[in-house]
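The structure appears right after this line, and notes come after that.
Shown next as structure tokens:
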């Protein structure tokens, strides 16, 4: 009976410690959780962005939904709407974050965490694989936290054996 009572009263503490440990893993990315909007520019032109970050599946993943709208221009007379869905996970074996993005155009990018600055304000993801593009292309996502309500995202691409070049740069503000 004592053993049963010990287990009965221990389960909430064990569960809480697992939840607390899981929550602490996400500390570097917690600022992103929420709804965001902003503007950006780059290869597709100047556009408006909507983005959301939310925990899913028992806080094991962060889902990222992005919509970028570019109005018609001389260079792009039809304009463009880009959508992607991403998932950030924590790879316990490698002890790092993985970001997988699924793009409406058919690209699938898998990134690994490249670095987090000492102050936690700059986070860089480097591609490990990109599906549906010629071999050798690389991508990089850099997030610079300005404060808890604003960040700058720089998306860069590099052709095979080439250097990274900015494709888009976006400033996002938290929707209040």
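Numbering (UniProt numbering), first residue to last: 1 to 176. All C-beta atoms, glycine included, are put in the ideal place defined by N, C-alpha and C.
Just checking my contact of residue i with residue j at CB under 8 Å: how many whole Å lie between their CB atoms?
i: residue 152; j: residue 168; result: Not quite, the Cβ-Cβ distance comes to about 11 Å (not below 8 Å), so this is no contact.
i: residue 50; j: residue 56; result: In fact, because the Cβ distance is near 18 Å, the residues do not count as touching under 8 Å.
i: residue 166; j: residue 42; result: 6 Å
i: residue 40; j: residue 73; result: In fact, because the Cβ distance is near 14 Å, the residues do not count as touching under 8 Å.
Quick one, which of the options has its alpha-carbon nearest residue i's?
i: residue 90; options: 84, 73, 72 and 61; result: 61
i: residue 133; options: 31, 120 and 158; result: 158
i: residue 88; options: 81, 82 and 96; result: 96
i: residue 140; options: 46, 160, 124 and 68; result: 124
i: residue 126; options: 138, 175 and 176; result: 138
i: residue 145; options: 136, 120, 27 and 114; result: 120
i: residue 147; options: 25, 27, 31 and 24; result: 31
i: residue 112; options: 102, 104, 98 and 122; result: 98
i: residue 102; options: 131, 78 and 115; result: 131
i: residue 164; options: 154, 73 and 34; result: 154
i: residue 29; options: 59, 79 and 77; result: 59
Are there 16 or more other CB atoms within 10 angstroms of the CB of residue i, so buried, or fewer, so exposed?
i: residue 109; result: buried
i: residue 162; result: exposed
i: residue 142; result: buried
i: residue 106; result: exposed
i: residue 117; result: exposed
i: residue 85; result: exposed
i: residue 175; result: exposed
i: residue 135; result: exposed
i: residue 93; result: exposed
i: residue 66; result: buried
i: residue 24; result: exposed
i: residue 115; result: exposed
Continuous beta strand (DSSP E) assignments of at least 3 residues falling wholly in the segment 47–89: 61–70
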